[in-house]
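Undergrad: Shown below is the structure under consideration.
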Amino acid sequence: MDELKEKALRYHTMGGKPGKIEVVPTKPCQTADELSLAYTPGVAKPVLEIADNPEDAYKYTSKGNLVAVISNGTAILGLGDRGALASKPVMEGKGVLFKRFADIDVFDLEVDTKDPKKLIEIVKLLEPTFGGVNLEDIKAPECFEIEQTLIRECNIPIFHDDQHGTAIISTAGIMNAAEITGRKMEDLKVVFNGAGAAGVSCSKMFAAAGVKKENIIMCDSKGVIFKGRTERMTPEKEEMAVETDARTLAEALVGADAFIGLSVADCVTPEMLLSMADNPIVFAMSNPNPEITYETATATRSDVIMATGRSDYPNQINNVLGFPFIFRGALDVRATTISEGMKMAAAKALADLAKEPVPESIKKAYGGREFSFGRDYIVPKPFDPRVIEWEAVAVAKAACEEGLAKYPITDWDGYAERLRERMKKYWE
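Counting in this note's numbering, the sequence shown runs from 260 upward without gaps.
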């Protein structure tokens, strides 16, 4: 058994209790009187209040701080379709991250169906339970239909993290990488490899951030997605098709400013990297093995800005910088949806925070390493406690400005302070 496998399996069984999460009551239930309040007959009182006014569910139950993490296991991390049951360790892990980084409670739900319509119906029927839904590890193209239908038909935030989480963090990174290399977003020539959920969403968000659509070339396992291609096309790929003579990834990378990998390991060669423009920006995010290794990329080009999905190299593009804080902001103003504006607000907040001086406490958390805005530090670190107040506040503000908040906040300094107090127990 390899070392990582042994450590991971031991971690998931440590303490004699399998798994990573449990349900903990928030009210005392030690006496007969408390039992009568927690359950019958006292529980009938909030039941009747909620029946008369459904909004009171947010007052008397955990709904407002409870997110469903839902998967059918058809696209688990980089492991593919392993089934709903096999997705449970990942979904429990998302629950840990929601709680640890944003104090949000989670029920993980592994749904044994590949039928998009069935999954949509199940989530809709569960809406009364939750304040929001995080869809996870659902393969493309079904994930697009599932998310968009649920957004239209539900009145709580629906967020497919595989699409938007990566897009938000990547957008923050590309904005800062462009600034560091003296480029403007509208001038960037970007090549994507991987046209799944994350790739499509990243390309759309890059375009929203200023990259011209005609300057984005997307590749999949069959090569460049060009106008007129007929093989293995979907509506999402049709939307991203461009006029180009390039037909392979290698051809597309010639003269490109940026490569965004959401695909498979080792598909970018040193020769391809050498063909890119000066100061190339490379986000090789295939996990655990990137499209080109950090060592190879930095040995091939001393001027490269390199990011991966891994924590053991600089510039980790990590979804944990997104979903906990996005849901925190959305839940706190009771947003009915998570809009494109809220996502962009999250990306800009992360990009701005990376330019701030890094406190000593964060350096200590990473073994005393020095961090400052530049080629090796384009996005904040996940263990930076400032992320929640920067990002959640930005998301909540955007929801209020767009009229999506049922309970708008006006005292933003007070809200930021409440977030700091709420999270203090996790950082002390």
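For every residue, glycine included, the Cβ atom is placed at its ideal position computed from N, Cα and C. Quick caveat: nothing in here was measured; it's all calculated off a predicted structure.
#1: Report, in whole angstroms, the separation of the C-beta atoms of F418 and I585, which I expect to be a contact under 8 angstroms.
#2: Is the beta carbon of Q558 sitting closer than 8 angstroms to the one on K607?
#3: With the cut-off set at 8 angstroms, would you say G390 and I410 are in Cβ contact?
#4: Skipping 5 residues on each side, what residues in its chain have a beta carbon closer than 6 angstroms to that of T305?
#5: DSSP on S321, reduced to helix/strand/coil?
#6: Nearest-angstrom Cα distance between K264 and N324?
#7: With a 10 Å radius around its C-beta and 16 neighbouring C-beta atoms as the bar for buried, classify L612 as buried or exposed.
#8: Where do the N-terminal and C-terminal ends of the beta strand (DSSP E) with V450 fall, by residue?
#9: Just tell me which of T596, D504, F542 has its CA closest to the CA of P573.
#10: Return the first residue and the last residue of the alpha helix (DSSP H) that K421 is part of.
#11: Under DSSP, the beta strand (DSSP E) around P535 begins and ends at which residues?
#12: Let me check understanding here. Comparing Cα to Cα, which of T430, A524, D362 lies closest to A517?
#13: In this structure, how does DSSP classify F582 when only helix, strand and coil are distinguished?
#14: Can you tell me the Cα-Cα spacing of N474 and D261, whole angstroms?
#15: In three-state terms, what does DSSP make of C413?
#16: Would you decide whether S545 is buried or exposed? Buried here means 16 or more other CB atoms lie within 10 Å of its CB.
#17: Pop quiz: D396 and D371 are said to be a contact at Cβ under 8 angstroms. What is the actual Cβ separation, rounded to whole angstroms?
#18: At 4 residues or longer, what runs of the alpha helix (DSSP H) sit wholly inside the segment 362-412?
#19: Over what stretch of residues does the beta strand (DSSP E) that includes G520 continue unbroken?
#20: Return the chain-ordered list of same chain residues with a C-beta closer than 7 angstroms to the C-beta of I484, the five sequence neighbours on each side being excluded.
#21: Between which two residues does the alpha helix (DSSP H) holding V646 run?
#22: Determine the closest residue to A437 out of N538, S460, A589, R677, with distance taken between C-alpha atoms.
#23: Once the 5 residues before and after E648 are set aside, which same chain residues still bring their CB inside 7 angstroms of it?
#24: Going by Cα to Cα distance, which pick from A399, C413, I637 is closest to L384?
#25: For A566, which residues does DSSP report across the bridge?
#26: Could you check if A310 is buried or exposed, using at least 16 other CB atoms within 10 Å of its CB as the buried criterion?
#27: F360: which of E660, W671, E650 sits nearest, CA to CA?
#28: Could you check what DSSP says for F632 in three-state terms: helix, strand or coil?
#29: Hey, how far is the Cα of E687 from the Cα of R681?
#30: Given that a residue counts as buried once 16 or more other Cβ atoms are within 10 Å of its Cβ, and exposed if not, what is T688?
#31: Grab me the residues of F403's own chain with a C-beta within less than 7 angstroms of its C-beta, minus the 5 sequence neighbours each way, in chain order.
TA: The short version:
#1: By 1-based counting over the sequence shown, the position of residue 418 is 159. By 1-based counting over the sequence shown, the position of residue 585 is 326. Contact holds; Cβ gap of about 7 angstroms.
#2: Against the sequence shown, residue 558 aligns to sequence position 299. Against the sequence shown, residue 607 aligns to sequence position 348. The sequence shown places Ala at residue 558, not Gln. No, they are not a contact pair.
#3: For the purposes of this step, residue 390 is identified with residue 131 of the sequence shown, where counting begins at 1. For the purposes of this step, residue 410 is identified with residue 151 of the sequence shown, where counting begins at 1. Going by C-beta atoms, G390 is not nearer than 8 angstroms to I410.
#4: Here residue 305 refers to the residue found at position 46 of the sequence shown. Checking the sequence shown, residue 305 turns out to be Pro, not Thr. Counting only Cβ-Cβ distances below 6 angstroms, and skipping sequence neighbours, we find Y319.
#5: Residue mapping note: residue 321 aligns to position 62 of the sequence shown, counting from 1. DSSP places S321 in coil when its eight states are reduced to three.
#6: For the purposes of this step, residue 264 is taken as residue 5 along the sequence shown, with counting starting at 1. For the purposes of this step, residue 324 is taken as residue 65 along the sequence shown, with counting starting at 1. Those two C-alpha atoms are separated by around 33 angstroms.
#7: By 1-based counting over the sequence shown, the position of residue 612 is 353. Label assigned to L612: buried.
#8: Walking along the sequence shown from the start, residue 450 turns up at place 191. Its beta strand (DSSP E) spans residues 449-452.
#9: Against the sequence shown, residue 573 aligns to sequence position 314. Residue F542 is the option with its Cα nearest to P573.
#10: Counting from one through the sequence shown, the residue named residue 421 turns up at place 162. As written in the sequence, residue 421 is Asp, which differs from the Lys given in the question. It spans 420-439 - the alpha helix (DSSP H) in which D421 sits, taken as one unbroken run.
#11: Position 276 of the sequence shown, counted from the first residue, corresponds to residue 535. The sequence given here has Met at residue 535, not Pro. From DSSP, M535 is part of no beta strand (DSSP E); its letter is neither H nor E.
#12: Translated into the one-based positions of the sequence shown, residue 517 becomes position 258. Among T430, A524, D362, the Cα nearest to that of A517 is on T430.
#13: Locating residue 582 in the sequence shown gives position 323, where the first residue counts as 1. Here F582 sits in helix by DSSP.
#14: Residue numbering aside, residue 474 sits at position 215 when the sequence shown is read from its first letter. Residue numbering aside, residue 261 sits at position 2 when the sequence shown is read from its first letter. Rounded to the nearest angstrom, the two C-alpha atoms are 43 angstroms apart.
#15: On the sequence shown, position 154 is the one that residue 413 refers to. In the structure shown, C413 sits in coil (DSSP, three-state: anything other than H, G, I, E or B).
#16: On the sequence shown, position 286 is the one that residue 545 refers to. Per the 10 Å Cβ criterion, buried.
#17: Here residue 396 refers to the residue found at position 137 when the sequence shown is read from its first residue. Here residue 371 refers to the residue found at position 112 when the sequence shown is read from its first residue. Wrong, their Cβ atoms sit about 14 angstroms apart, outside the cutoff.
#18: 375-385, 401-412
#19: Here residue 520 refers to the residue found at position 261 of the sequence shown. Note, G520: beta strand (DSSP E), 517-520.
#20: As a position in the sequence shown, residue 484 is number 225, starting the count at 1. Excluding residues within five positions, the ones whose Cβ falls inside 7 angstroms are A454, M477, C478, K496, M499, A500.
#21: Numbered from its first residue, the sequence shown carries residue 646 at position 387. 646-660 is the span of the alpha helix (DSSP H), which, as asked, contains V646.
#22: Start at 1 with the first residue of the sequence shown, and residue 437 comes out as number 178. Closest option to A437, Cα to Cα, is N538.
#23: Along the sequence shown, read from residue 1 onward, the residue named residue 648 stands at position 389. Correct list, in chain order: A675, L678, R679.
#24: Here residue 384 refers to the residue found at position 125 of the sequence shown. Cα-wise, what sits closest to L384 is C413.
#25: Position 307 of the sequence shown holds residue 566. DSSP lists F542 as partners of A566.
#26: The count along the sequence shown starts at 1 and reaches residue 310 at position 51. Result: exposed.
#27: Residue 360 sits at position 101 when you count from the first residue of the sequence shown. Checked all of E660, W671, E650; the closest Cα to F360 is E650.
#28: If you number the sequence shown from 1, residue 632 lands on position 373. Coil, per DSSP.
#29: Taking the first residue of the sequence shown as position 1, residue 687 is located at position 428. Taking the first residue of the sequence shown as position 1, residue 681 is located at position 422. Distance between the alpha carbons of E687 and R681: 12 angstroms.
#30: Here the chain comprises residues numbered 260 to 687, so residue 688 is not present and cannot be evaluated.
#31: Walking along the sequence shown from the start, residue 403 turns up at place 144. E495.
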